[in-house]
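Numbering (my numbering), first residue to last: 1048 to 1343. For each residue, glycine too, the CB sits at the ideal point set by N, CA and C. Just so we're clear, the structure is a prediction, and the values are computed from it rather than from any experiment.
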Amino acid sequence: MDAPLFSDEKLIDKFHDALVWPDLCDEESQSVRKKSIESNFSADAVVGGNAEVDIPLPSFLTWLGPKLDAEAKLSTAYARDKLLEEADTIFGKVVENSERKLIEIAATYMSDFTDRMLFVDAPGGIFTNFRGDVCDNDIISKMLETAPRPLVFIDAKKDSQILPTMIEMEDGGFRPAYKKFESELFGRGEIVFPSDDNKEKTKEYWEKLKQKSSSSRFAMEVVEDCCDGGRIGWIDFRMMFSNEGSTLHLHASPAGRYHTGTFAYNFVHRGFKFGCRIIGTLKAGNSVNILGIYDK
């Protein structure tokens, strides 16, 4: 198991509340009538139960937390009986944090929305589901028509280029990071940032940027220069998604709670040097809202 380099606490809290609907919150000690629904972590529901079909847990998940470090029993996960019963009155204060909630979100998907768990390598650019089936653009577009959003697990390999594109500072003001790349790496009129609807020009732009920016150090310095000692409200990146020039749009909202170096050095520079792991929710347009980032 590991603790994340970055986690979006507010996004995780809201997503967890919408998905899990917890009975208790982490306020003050309180007394409630316990409503017991078969747990997502129970051995019979997700891991370690007696089931006819055993499917190995994807390797991406084995380090996330002890609750997920086992074989998933999908036959029971799909046909899980939800038992509602009254129990004794309980007293207590729930231990809550974004890391635990993120693991519980993953466990809930394993139990109830397995087909909406997507895994992808970068570069590689091919989404697969929990069973290893390839999910093409048509399948993913269909997924995005209904809730909940697909939960995506990105395994960014060594030498994965992560390029900052736009930053809004916590105290206000936009910093178009991509313009620093253009001014430093391209000659006048050589290439301009394309419109979103021109897919071929977009691929050409990022492929040229990839060729010109073979080191992560410049991208790291772009983040540092743009922030200039301030705190980041939100920051967008493009990750080289496939060897054909397509990219993945990544959106992170630290809301001023993280140092610039978390994204400049640890994410951009170390992510390029060693790789990293990203968990997020998938949106249309090959775009991801980042829930958590983990070092390798």
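{"query": "Coarse secondary structure for Asn1176, derived from DSSP in three states", "result": "coil"}
{"query": "Beta-bridge pairing of Met1286 - partner residues as DSSP gives them", "result": "Ile1209 and Leu1295"}
{"query": "Exposure label - Asp1128; buried when at least 16 CB within 10 Å", "result": "Confidence in Asp1128 is poor, its pLDDT being 42 and thus under 50, which makes the residue's placement too unreliable to answer from."}
{"query": "Integer Cβ distance of Arg1222 from Cys1273, believed to fall under 8 Å", "result": "4 Å"}
{"query": "Within 8 Å, strictly: CB atoms of Asp1055 and Ser1300", "result": "yes"}
{"query": "Buried or exposed (CB count within 10 angstroms, at least 16 for buried), Gln1208", "result": "buried"}
{"query": "Helix, strand or coil at Trp1253 [DSSP, three-state]", "result": "helix"}
{"query": "Where Lys1081 sits in the DSSP three-state scheme", "result": "Residue placement at Lys1081 cannot be trusted, given a pLDDT of 41 that sits under 50; the coordinates are not used to answer."}
{"query": "Per DSSP, cross-strand counterpart(s) of Lys1330", "result": "Ser1334"}
{"query": "Three-way DSSP call (helix, strand, coil) for Ala1203 in this model", "result": "strand"}
{"query": "Whole-angstrom C-beta distance between Leu1295 and Phe1288, which should lie under 8 Å", "result": "4 Å"}
{"query": "Same chain only: Cβ atoms within 7 Å of Arg1264, ignoring 5 sequence neighbours per side", "result": "His1316"}
{"query": "Local conformation of Arg1304 per DSSP, three classes", "result": "coil"}
{"query": "N- and C-terminal bounds of the alpha helix (DSSP H) containing Val1067", "result": "Glu1056 to Val1067"}
{"query": "Counted within 10 angstroms of its Cβ, other Cβ atoms place His1063 as buried (16 or more) or exposed", "result": "buried"}
{"query": "C-alpha gap between Glu1291 and Val1167, whole angstroms", "result": "15 Å"}
{"query": "CB contact flag (Asp1275, Met1213, <8 Å)", "result": "no"}
{"query": "Of the listed residues Glu1268, Cys1323 and Lys1343, nearest to Ala1169 (C-alpha basis)", "result": "Cys1323"}
{"query": "Short Cβ contact (8 Å threshold) for Leu1329 with Leu1165", "result": "yes"}
{"query": "Lys1148 classed as buried or exposed, judged by whether at least 16 other C-beta atoms fall within 10 angstroms", "result": "buried"}
{"query": "Reduced DSSP category for Phe1160 - H, G, I as helix; E, B as strand; rest coil", "result": "coil"}
{"query": "Enclosing alpha helix (DSSP H) for Gly1318 [first to last residue]", "result": "Arg1317 to Phe1321"}
{"query": "Reduced DSSP category for Phe1053 - H, G, I as helix; E, B as strand; rest coil", "result": "strand"}
{"query": "Cα-Cα separation between Asp1202 and Ile1325, rounded to whole angstroms", "result": "7 Å"}
{"query": "Inter-residue spacing [alpha-carbon to alpha-carbon] between Asn1144 and Phe1174", "result": "29 Å"}
{"query": "Among Arg1196, Gly1332, Lys1246 and Phe1314, nearest to Tyr1341 - alpha-carbon criterion", "result": "Phe1314"}
{"query": "DSSP three-state assignment for Asp1275, whether helix, strand or coil", "result": "coil"}
{"query": "Inter-residue spacing [alpha-carbon to alpha-carbon] between Asp1180 and Arg1163", "result": "12 Å"}
{"query": "Alpha-carbon spacing of Leu1066 relative to Ser1106, whole angstroms", "result": "24 Å"}
{"query": "Rounded Cβ spacing between Arg1377 and Met1216 (contact assumed at less than 8 Å)", "result": "Because the chain here runs from 1048 to 1343, residue 1377 falls outside it and cannot be looked at."}
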